[in-house]
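**Student:** What follows is a structure written as structure tokens; I'll ask about it next.
Protein chains in written order, with this note's numbering: chain A, 4 to 431; chain B, 4 to 431.
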């Protein structure tokens with residue numbers, strides 16, 4: 004409604020026209036007050052979280068299909084300029100939607116697809132959100148791309164900044180595993196080790212974001228733009244299904260942003276007439292060792308009490324999830340649910356996904372497959388409904404989770420007789 | 004020439020019509036004698052290596068562009084059935100061709116693209132060749148997919164077999180790093196550790212391939228089909244350039260098969276009228292610690308003397324490269340060259356690719372970028388020519404190579420003043 008707009012909603016001085024495409028303003032998710040498109044992330048009225056609002060033109064399937072094979076094919080639906088594909092980014096997205104017949108049979112589902120985001124440039128869905136945050140940073144004249152992280156986000160920020168030719172700073176706990184440090188430091192990011200845990204790192208990041216000029220902490224001060232990147236998962240799923248919506252989805256939940264943005268993406272496609280309107284039931288998946296939203300869901304509450312994470316699913320280990328209340332709203336409104344599985348089940352389901360579909364997901368993938376099985380057993384997921392699950396990251400980054408659970412079937416000397424002796428017994 | 008066909012060239016009994024698409028026979032690369040399409044890999048006349056021959060129909064750009072976003076869009080040009088996309092495979096290929104402006108500037112090239120095959124399902128180009136081998140195995144009624152390997156190939160075979168629902172067996176040296184064992188074993192392959200080095204493993208694989216019925220060792224008895232998968236790199240590069248050929252390519256060389264098949268792929272596109280005929284100079288890249296083809300090239304010889312590999316670029320460490328003579332032929336015929344760089348240069352160039360383009364390649368990528376720089380310095384590569392280099396695998400699989408070379412810029416307590424103290428000095 005234009006009536007509620009006031010002069011604040013003009014973009015900051017120096018930002019070019021069309022910098023944010025068809026986005027028109029930021030709106031508070033709590034009180035609805037509008038703010039201008041800028042480096043803002045908290046409502047000026049009530050300090051609530053901000054979300055990007057749009058005035059979409061007509062967008063056609065053909066127009067999208069003629070676009071680049073990356074998230075930029077959906078540029079008209081994102082807070083990015085129309086010429087976004089001419090800037091250097093990692094061009095993430097348009098990952099495989101795998102028709103997962105083997106896993107479907109194993110789980111007892113009629114039709115299942117795995118949206119495999121391990122195919123992104125740094126092998127997690129974070130490349131999507133970082134690419135949109137990078138565009139916002141560029142358009143706002145911010146010249147340092149930064150984040151607090153323990154893994155996927157750090158990889159994505161460091162790689163995107165390298166490709167864009169801008170400076171990046173990644174803050175990590177100093178006790179982070181050496182291999183995770185290498186996988187970000189290789190991009191020549193300014194990696195700063197902080198003597199403390201992830202909460203300490205996060206707090207310091209917010210302080211720097213508040214004090215320093217010109218910094219874009221992707222998940223702090225440009226978070227409203229960043230979060231919009233997850234909508235592309237919804238767009239791709241619909242397009243890859245032949246411009247149809249599935250019946251039900253199971254989505255891993257950390258902050259909860261991905262789940263709420265997939266719901267938002269589907270709504271936008273319906274409003275734009277790009278897909279037929281139909282109910283889509285949305286389910287969330289957490290690890291038992293960090294399941295604050297599940298606890299709120301089961302207690303019938305609207306607010307989420309923070310927990311101290313203790314799970315091998317590190318990429319989902321956010322004890323105080325920013326989008327918790329919105330996740331509760333989406334799963335309740337769509338007839339879904341949010342559920343959890345323990346770490347042993349996570350490992351078993353990483354292996355199940357690999358064994359059935361040849362997809363080696365990270366721990367979050369194990370959480371999602373495990374919760375899918377639980378939802379079927381509990382009668383919550385319809386076995387005849389067309390189902391999509393998200394694999395948000397890559398098993399190569401969480402090898403420790405499965406070490407000790409898999410290995411050689413035998414060790415033999417390099418002689419044919421040794422082989423045949425083993426093989427006869429093995430296949431008997 | 005139909006005249007040289009004899010009755011042997013009929014396919015084996017039980018193989019369905021069209022099992023190998025437009026492929027018509029196997030031809031010896033040494034003496035030219037023809038063999039039927041079957042599980043054959045050595046010429047019955049002279050024991051030379053066999054290659055797939057075709058009788059292509061008319062194939063159009065539009066037909067290809069309407070196909071799946073995987074190597075199967077090129078099905079009419081591969082030894083696979085027309086309905087290949089209906090079978091379960093990992094659907095590899097159609098990876099990014101990155102317009103690498105930053106790296107181009109750093110190297111002093113006018114126009115450079117990186118074909119980034121780390122985007123494949125198991126993050127190396129091996130997914131391409133294994134997918135074609137899997138099709139051949141299925142059509143020939145072979146029911147075990149197998150390989151000797153120390154890394155990428157094992158991942159690709161185990162994942163492809165899992166997805167296809169057939170048994171796989173992977174033979175590895177028993178002293179292989181635990182993380183490489185995990186990354187294959189996770190797919191529930193029958194991983195057999197062999198007490199010996201890679202040569203011992205390879206020898207045992209050949210013995211099993213010769214003795215056991217029903218086994219498809221992808222790089223042994225179905226090698227002619229397997230090798231054809233690399234042609235898809237050429238097809239994709241041409242299509243992604245807008246149906247044009249580049250002026251020059253730099254390609255990593257292990258067995259040499261990829262390089263020779265890219266050359267073959269370009270020739271086919273020209274013959275089919277899908278691209279304009281023009282000279283393409285092809286360059287090969289090896290690590291100094293395993294550079295038998297470079298040694299032959301520099302000595303002006305046509306045969307390649309085996310070496311004992313000693314390099315961190317394990318995925319290129321084949322001391323007795325099967326396609327050595329054919330690589331020499333291609334680089335000489337096209338006005339290219341094959342060159343090598345030492346391990347220290349490999350590490351520096353892994354970091355160069357990551358720093359400039361946000362692409363974390365494995366050691367083979369470092370070899371290729373390093374050799375590219377060397378070829379420019381030596382005046383062999385034209386700085387004004389449009390250049391493509393291949394990144395064949397993923398840095399997450401060779402973290403050890405860069406460990407000790409990158410890390411945090413500092414370690415500080417979680418306080419804002421500690422940060423500003425560091426930052427002032429760092430940016431001064």
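All C-beta atoms in this analysis are idealised placements derived from N, C-alpha and C, irrespective of residue type, glycine included.
Considering only residues of the same chain and omitting the five flanking positions on each side of residue 27 (chain A), which have a CB-CB separation below 8 Å?
**Tutor:** Once the five neighbours on either side are set aside, the close Cβ partners of residue 27 (chain A) are 12, 40, 56, 57 and 58.
**Student:** Pick helix, strand or coil for residue 289 (chain A), following the three-state DSSP scheme.
**Tutor:** Residue state, collapsed to three classes: strand.
**Student:** Tell me, please, which residues DSSP counts as bridged to residue 116 (chain B).
**Tutor:** According to DSSP, which records beta bridges pairwise, residue 116 (chain B) is partnered with B:102 and B:391.
**Student:** Please list the segments of the alpha helix (DSSP H) lying wholly inside the stretch 232 to 271 of chain A, counting only runs of 4 or more residues, in order along the chain.
**Tutor:** Entirely contained in the stretch 232 to 271 of chain A, the alpha helix (DSSP H) runs reaching 4 residues are, in chain order, 234 to 243.
**Student:** Per the DSSP calculation, residue 65 (chain A) is bridged to which residue(s)?
**Tutor:** Paired residue(s): none; residue 65 (chain A) is not in a bridge.
**Student:** Entirely within the stretch 180 to 209 of chain A and at least 3 residues each: give me those beta strand (DSSP E) ranges in chain order.
**Tutor:** Entirely contained in the stretch 180 to 209 of chain A, the beta strand (DSSP E) runs reaching 3 residues are, in chain order, 193 to 197.
**Student:** Below 8 Å between beta carbons: does that hold for residue 190 (chain B) and residue 361 (chain A)?
**Tutor:** The answer is yes: Cβ separation under 8 Å.
**Student:** Residues of chain A with CB closer than 8 Å to the CB of residue 185 (chain B), please, in chain order.
**Tutor:** Near residue 185 (chain B) (Cβ distances below 8 Å), the residues of chain A are 402, 405, 406, 409 and 410.
**Student:** Please report how far the alpha carbon of residue 363 (chain A) lies from the alpha carbon of residue 122 (chain B), in whole angstroms.
**Tutor:** Computed Cα separation, rounded: 14 Å.
**Student:** Once you ignore the five residues that flank residue 209 (chain A) on each side, which residues in its own chain have a CB closer than 7 Å to its CB?
**Tutor:** 223, listed in sequence order.
**Student:** Taking just the CA atoms, how far does residue 91 (chain A) sit from residue 319 (chain B)?
**Tutor:** Between residue 319 (chain B) and residue 91 (chain A), the C-alpha separation is close to 31 Å.
**Student:** Using 8 Å as the limit for Cβ to Cβ distance, is residue 105 (chain B) near chain A?
**Tutor:** Residue 105 (chain B) counts as touching chain A.
**Student:** Could you check whether residue 386 (chain A) and residue 112 (chain A) sit closer than 8 Å to each other, using their CB atoms as the reference points?
**Tutor:** Yes; because the gap between Cβ atoms is below 8 Å, this pair is in contact.
**Student:** Taking 8 Å as the cut-off, does the stretch 421 to 428 of chain B touch the stretch 322 to 334 of chain B (at least 3 CB pairs, one atom from each stretch)?
**Tutor:** Segments in contact, no.
**Student:** Taking C-beta pairs closer than 8 Å, name the residues in chain C that residue 419 (chain B) reaches, listed in chain order.
**Tutor:** No chain C appears in the structure shown, which is made up of the protein chains A and B.
**Student:** Are the Cβ atoms of residue 176 (chain B) and residue 197 (chain B) separated by less than 8 Å?
**Tutor:** Yes, the pair counts as a contact, with Cβ atoms nearer than the cut-off.
**Student:** Flag this pair as touching only if the stretch 250 to 262 of chain A and the stretch 282 to 296 of chain A have three or more C-beta atom pairs under 8 Å; answer yes or no.
**Tutor:** With the cut-off at 8 Å, the stretch 250 to 262 of chain A and the stretch 282 to 296 of chain A touch.
**Student:** Is residue 234 (chain B) closer than 8 Å to residue 80 (chain B) when the C-beta atoms are compared?
**Tutor:** Yes, the pair counts as a contact, with Cβ atoms nearer than the cut-off.
**Student:** Applying the 10 Å Cβ sphere with the 16-neighbour rule, what's the burial state of residue 46 (chain B)?
**Tutor:** With 16 or more other Cβ atoms within 10 Å, it is buried.
**Student:** In its own chain, which residues sit with a C-beta less than 7 Å from the C-beta of residue 144 (chain A), not counting the 5 before and 5 after it?
**Tutor:** Contacts found: 17.
**Student:** So is residue 366 (chain A) buried or exposed if we call it buried at 16+ other beta carbons inside 10 Å?
**Tutor:** Residue 366 (chain A) is buried by the Cβ-count criterion.
**Student:** Residue 260 (chain A) to residue 150 (chain B), Cα distance in whole Å?
**Tutor:** For residue 260 (chain A) and residue 150 (chain B), the distance between alpha carbons rounds to 43 Å.
**Student:** Whole angstroms are fine: how far does the CA of residue 84 (chain A) sit from the CA of residue 157 (chain B)?
**Tutor:** Going from the Cα of residue 157 (chain B) to the Cα of residue 84 (chain A) covers about 43 Å.
**Student:** When you compare the CB positions of residue 97 (chain A) and residue 127 (chain A), do they come within less than 8 Å of one another, or not?
**Tutor:** Not a contact, by the Cβ cut-off of 8 Å.
**Student:** Can the beta-carbon of residue 103 (chain A) be found closer than 8 Å to that of residue 115 (chain A)?
**Tutor:** Yes, the Cβ-Cβ distance between residue 103 (chain A) and residue 115 (chain A) is below 8 Å.
**Student:** Compare the C-alpha of residue 326 (chain B) against each of B:38, B:370 and B:257 and name the closest.
**Tutor:** Nearest option by C-alpha distance: B:257.
**Student:** Quick one: is residue 94 (chain A) near chain B, going by C-beta distance under 8 Å?
**Tutor:** Taking Cβ atoms only, chain B reaches closer than 8 Å to residue 94 (chain A), which makes this a yes.
**Student:** Going by C-alpha distance, which of A:310, A:193 and A:400 is nearest residue 425 (chain B)?
**Tutor:** Nearest C-alpha to residue 425 (chain B): A:193.
**Student:** Please confirm whether residue 131 (chain A) has its beta-carbon closer than 8 Å to some beta-carbon of chain B.
**Tutor:** Residue 131 (chain A) does not count as touching chain B.
**Student:** Taking residue 136 (chain B) and residue 228 (chain B) to be in contact with their CB atoms under 8 Å, please state how far apart those CB atoms are, rounded to whole angstroms.
**Tutor:** Confirmed, Cβ separation roughly 6 Å.
**Student:** Does the pairing of the stretch 345 to 360 of chain A with the stretch 392 to 404 of chain A give three or more beta-carbon distances under 8 Å?
**Tutor:** Enough Cβ pairs lie closer than 8 Å, so yes.
**Student:** Just mark residue 245 (chain B) as buried or exposed, buried being the case when its beta carbon has 16 or more other beta carbons within 10 Å.
**Tutor:** Looking at its Cβ environment, which holds fewer than 16 other Cβ atoms inside 10 Å, residue 245 (chain B) is exposed.
**Student:** Helix, strand or coil for residue 337 (chain A) per DSSP?
**Tutor:** Reduced to three states, the DSSP call for residue 337 (chain A) is helix.
**Student:** According to DSSP, is residue 134 (chain A) helix, strand or coil?
**Tutor:** In this structure, residue 134 (chain A) counts as helix in the three-state DSSP scheme.
**Student:** Compute the Euclidean distance between the alpha carbons of residue 215 (chain B) and residue 427 (chain A), then round it to the nearest angstrom.
**Tutor:** Near 12 Å, if we compare the C-alpha coordinates of residue 427 (chain A) and residue 215 (chain B).
**Student:** With distances taken from CA atoms, which of A:277, A:108 and A:264 is nearest residue 66 (chain A)?
**Tutor:** The shortest Cα separation from residue 66 (chain A) among A:277, A:108 and A:264 belongs to A:277.
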